[in-house]
Amino acid sequence: MTALTVNLESEFEALVQFLYLAPVGLAQVDRDGEILMINPLSAQLLMPLARDANLTNLFVVLESVLPDLRHMATDFAMPHGKVCDGVRIQLNAGGRSKRDPQVLSLTLLKLDADRMMAVLNDISEQVKREAQLRHNEMWFDAILTGVSDYALVCLDHQGRVVEWNSGIGRVTGFERDAVVGQPFSVFYPGGSITPDRVSDRLREADDSGWSLDDGWRARADGSRFWGSGMLAILPERLTGFPASGGAALDENSIYCLIIRDITEKRDASERQRKLTSCDHLTGVANRRVFFEVTDLEIERWKRSPRLLSMIVIDADLFKTINDQYGHAAGDVVLRDLAEVMMQVFRPIDTVARIGGEEFAILLPSTSLVQAHAAAERLRAAVEARRVEVEGIRIAYTISGGVASMEDATGGLDAWMKRADRALYAAKAAGRNRIEASGPLYACVMTA
Amino acid sequence: METVTTMRFDDPQLITFLSGADAAELDQLEFGVIGFDAETLVCVYNAYESRCAALAPSRVLAQPLFTMVAPCMNNFMVAHRFEETQASGESLDEIIDYVLTLRMRPAKVKLRLLARPNVTLRYVLVQRAI
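These protein sequences, in sequence, are chains F and H. Its first residue numbered 1, the first sequence is counted upward by one per residue in the working numbering. Its first residue numbered 1001, the second sequence is counted upward by one per residue in the working numbering.
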């Protein structure tokens, strides 16, 4: 008898604790909603709604957020059954951050004429996940359906096109065989992208999730369109494990490239871009853009050192031209020089006016020798030209200094100083010359 | 012993008494005492509280208070107040109206939340509403 009592007491205690700790809210209420029994989780979920800590009636407590509940219960004609099943209750009140609304789910089960059982759950996290999922679905809907000017390209870890789809055909005109297995540079006009830049875009997507790139794109027939490109890393690897951020050249990484033809919108955005990025007189990039682009290239170089060169150009005896023919003639000379530079250098190179008659060109994936050769081509082309101002044909020449990126310490300043020293050497040696800083010319520099 | 019987729920010096009292003295009190440490593990669970909740101290001691013993206090009114106090290093002494689910019956109670920087344990005191 005593043993039985002890056993019952112990079992009662275990049962009570089971209900105390149940991770779901349970409450038993009468036909008017008066709470007969309630477990702690229910109380925890309902307390923020209870006025003056009054947790005596479920209908009253939930009145402000679920006013129909009393009617639903009274109107429920069946002798027993579910009055409501997983009804969502959005709480405005509560101690949580206002940005994450708390949502409860309520199921009310009628047991008999006098008793109902309520089951309460906090489903805030679930609701948040659902919202995220809906958001993602909207993105994919927007991208995949009912649009004619998008191409969705799946890329492997080296930026090679994995498969062809009709969108690619529609936007770029390329057939399957021409693109599958090719790096995405196949969609760029010649000279506007290098293999290094392809890797840079992938690494930028690794680091920040995506990389944006607007500019000219090429169709299969050689024609161009102004494209907006978004390159994004897909969060799941092929194996289904989440990708670790920034893991370079992870063979399981998969990227998604969305190319949009925005040629029609280009005029407006180009006008804006020119206003803020271009030198008014010559139309080449301005000084600010040059420093921005160069800083970015130095960052890329630090992450993965590669060939990178810079040329600084100065129009020879420019003051004399101005004095002799007037400032208008000087302007014509600068515009002419800019025009030749745009012909000599590639679209991927950044040509900028950084001073009165001083220009700088940044050449990605270019060695010192190659940059020197390009500068020499420019020098020769300029020497052979004549500019006509009010019937007078004017000849002019330029001097240039070339330096390659070898050591990121000192950054842009140190690098540019080396190019400037080479430029001074060219001037000192009689002008109309290109000199280079670096090993090939070390004997000249140290002589 | 006389001190024990006269010690009231709202006595200003209560925390000093609680931190010095032994188990027998705490069991004499006419209100529930739950003492817990910096990790929120229950260290003190007096007889009054044990009777009200129908739980033996052995089921409760060394358990985390706000998740395994009293999940109904795991909210901005109770647990969050203790967290704030712990983070700021200030004292806490507040009495609030509350509803506990003692043996699954909603019970109106007054809770007194006590914490002081130089006192090891923090306390939730429970007094049944009159």
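Quick reminder that beta carbons are idealized off the backbone N, C-alpha and C, glycines included.
- Between H/SER1058 and H/LEU1121, the CB-CB gap reaches or exceeds 8 Å.
- For F/ALA371, not one C-beta of chain H is nearer than 8 Å to its own C-beta.
- Under the three-state reduction of DSSP output, F/LEU423 falls in the helix class.
- Excluding the 5 residues flanking it on each side, H/ALA1056 has same chain C-beta neighbours closer than 8 Å at SER1050, in chain order.
- Cβ contact annotation for F/PRO195 (same chain, cutoff 8 Å, sequence separation greater than five): PRO183, SER185, SER365, in chain order.
- For the pair F/GLN132 and F/ASP75, the Cα-to-Cα distance works out to about 36 Å.
- By the Cβ criterion, the stretch 4 to 24 of chain F is not in contact with the stretch 70 to 88 of chain F, since fewer than three pairs of Cβ atoms, one from each stretch, lie closer than 8 Å.
- Per DSSP, the unbroken alpha helix (DSSP H) holding H/TYR1048 starts and ends at 1047 to 1053.
- The three-state reading of DSSP puts H/GLU1083 in helix, counting H, G and I together.
- With fewer than 16 other Cβ atoms inside 10 Å of its own Cβ, F/ASN54 counts as exposed.
- In the DSSP annotation of this structure, the continuous segment of the beta strand (DSSP E) that includes H/ASP1097 starts and ends at 1092 to 1102.
- Listed along chain F, no residue sits closer than 8 Å to H/TYR1048 by beta-carbon distance, the nearest being about 16 Å off.
- Using a Cβ-Cβ cut-off of 8 Å, F/ASP52 counts as an interface residue toward chain H, since at least one Cβ of chain H sits closer than that to its own.
- Using a Cβ-Cβ cut-off of 7 Å, H/ALA1056 is close to GLU13 of chain F, given in chain order.
- For F/PRO40, at least one C-beta of chain H is nearer than 8 Å to its own C-beta.
- A distance below 8 Å separates the beta carbons of F/ALA426 and F/GLY401.
- In the DSSP assignment, F/THR172 falls within the unbroken alpha helix (DSSP H) covering 166 to 172.
- A buried status is given to F/GLU435, since no fewer than 16 other beta-carbon atoms sit within 10 Å of its beta-carbon.
- Judged by beta-carbon spacing, F/ASP206 lies within the 8 Å limit of F/ILE233, meaning their Cβ atoms are closer than that value.
- Taking a C-beta distance under 8 Å as the contact criterion, F/ALA371 and F/GLY283 do not qualify as a contact pair.
- Annotated three-state conformation of F/TYR396 is coil, per DSSP.
- Following the DSSP letters along the chain, one finds F/THR350 inside the beta strand (DSSP E) bounded by residues 350 to 353.
- Between F/ILE298 and F/ALA408 a beta carbon distance of about 6 Å is seen, short of the 8 Å cut, so the two are scored as contacting.
- Per DSSP, reduced to three states, the secondary structure at F/TYR188 is coil, with no helix or strand assignment.
- Between F/ASP331 and F/LEU281 the beta-carbon gap is near 6 Å, inside 8 Å, which marks them as a contact.
- Collapsing the DSSP output to three states places H/PRO1117 in coil.
- In the pairwise beta carbon analysis, the stretch 410 to 418 of chain F is classified as not touching the stretch 381 to 399 of chain F: fewer than three pairs are separated by under 8 Å.
- What H/ARG1059 touches in chain F, judged by beta-carbon distance under 7 Å, is GLU13, GLN17, going in chain order.
- Chain F has a Cβ within less than 8 Å of the Cβ of H/ARG1103.
- For F/GLN17, the secondary structure class from DSSP, reduced to helix, strand or coil, is helix.
- Interface with chain H (8 Å Cβ-Cβ cutoff): F/PRO195 is excluded.
- Non-local C-beta neighbours of F/GLU383 in its own chain, meaning closer than 7 Å and more than five positions away in sequence, comprise THR397, ASN432, ordered along the chain.
- Taking a beta-carbon distance threshold of 8 Å, H/ASP1010 does not count as an interface residue toward chain F.
- The straight-line gap separating the alpha-carbon atoms of F/ASN165 and F/LYS128 is approximately 33 Å.
- In the assembly as shown, F/ASP267 is an exposed residue. Its beta-carbon has fewer than 16 other beta-carbons within 10 Å.
- Under a 10 Å Cβ-count criterion, F/ARG386 is classified as exposed, with fewer than 16 other Cβ atoms of the shown protein chains found around its own Cβ.
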